[in-house]
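Residue numbers (the numbering used here): 605 to 1023.
The beta-carbon is built from N, C-alpha and C at its ideal position, and this holds for glycine as well.
Worksheet: one structure, shown below.
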């Protein structure tokens, strides 16, 4: 489909607005705050609304409001409108750097290839909702299907085609940056349960631990092979700037790149990485968490410059094993931790990512005073920590986008008070 001049004018007009936002002095101030936070300086709590799910964005920016007709330009329009929406409505601490990212055409790595094993799920009749994993690893011999020798490829010609297309569209308005992998998230156990099933995996922890260890070893080797190949192919990009660090904030730091960086070839030791085992709830002992999670994750994370740990799994009782990760800088605490215990366990040694329960903006009725109370209590209990707040796992605001706007203003007001 040939894109119309009208579509292109629309995109460039939106891009000019993004460029104006990127030029505001507040962006420099926010970058400085993230750098100070990531070097463990006690700044005011930094606020981030992490809206990723397609459903939440369809409430905030209904598809019917998009104007571009060309599919490619429609994607660009949505991205730009999201950036404008975040600035206008969220008003949190994220940095708008005014960059259009052109992703390298990478394939074959363990993430994109799924270790060679397609997952199977049983979905509900509804368009969205919970689903169940259908086991595809049933017998021990099925473990051989887990590819630990991926063949990573970069299609440089396709990457250049993408770059030229974006440059032509945004020339003179926004810079285009070709970007390879600038951050890695490892989840060996969570990957295994996709193939084995949650219930059976928990049985295996007791009855067939050797099977799980063999699977985790193969997954870990696959991850290591992938990142080493990406490094040798020149498919890594700097991650010490406006890189979102998964279940937390952003990667702005002066501690990266690592010593010996030549200014051109990015290495693993120049990047952030994260690991998590979200399936391990309070029912999993610290010893078992170390044996089946941290032992493997540590091997992966310590190949990088700085690391983050945690997502939905409660870590307030498990910090002794998490502290064994040598380059750890950030710990993401689940909404279900005991905040006082978590704050004491983390101390000033790491960035403390507080994650409010997202149901506060998803309940049938919006209760701003309850949101204020919860945030105020959290800031009081973590007043001795280096804190950021990450409101994530957002799926609905019940058709009331103002909830996120009001929540962000409450959070920023209280963060200033607890500075």
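Query	Result
Cross-strand partners of residue 724 (DSSP beta bridge)	738
Nearest to residue 650 (by Cα), restricted to the options 1000, 1003, 992 and 998	992
Inter-residue CB distance, residue 940 and residue 850 (contact presumed, cutoff 8 Å)	That pair is no contact at about 18 Å.
Residues sharing a beta bridge with residue 707, DSSP	783
Straight-line gap, residue 643 to residue 990 (C-alpha atoms, nearest Å)	10 Å
Pairwise C-alpha distance: residue 752 and residue 969	48 Å
Which residues DSSP lists as bridging residue 912, in chain order	878 and 934
Inter-residue Cα distance where the pair is residue 870 and residue 782	13 Å
Neighbourhood of residue 774 by C-beta distance below 7 Å, restricted to the same chain and skipping five residues each side	619, 704 and 780
Host beta strand (DSSP E) of residue 650 (start-end)	650 to 653
Test item: CB-CB of residue 876 and residue 638 under 9 Å	no
Residue 709 versus residue 947 - alpha carbon distance	42 Å
Beta-carbon proximity list for residue 691, same chain, < 7 Å, skipping 5 on both sides	625 and 700
Sub-9 Å separation of residue 903 and residue 828 beta-carbons	yes
Beta-carbon spacing of residue 900, residue 1005 below 9 Å	no
Residue 1014 to residue 979 span [Cα, whole Å]	8 Å
As assigned by DSSP and simplified to three states, the class of residue 957	strand
Residue environment, residue 1008, which counts as buried when at least 16 other CB atoms sit within 10 Å	buried
Cβ shell of residue 654 (< 6 Å), same chain only, five flanking positions each side left out	994 and 996
Backbone CA spacing between residue 617 and residue 757 [nearest angstrom]	36 Å
Under 9 Å between C-beta atoms of residue 796 and residue 816	yes
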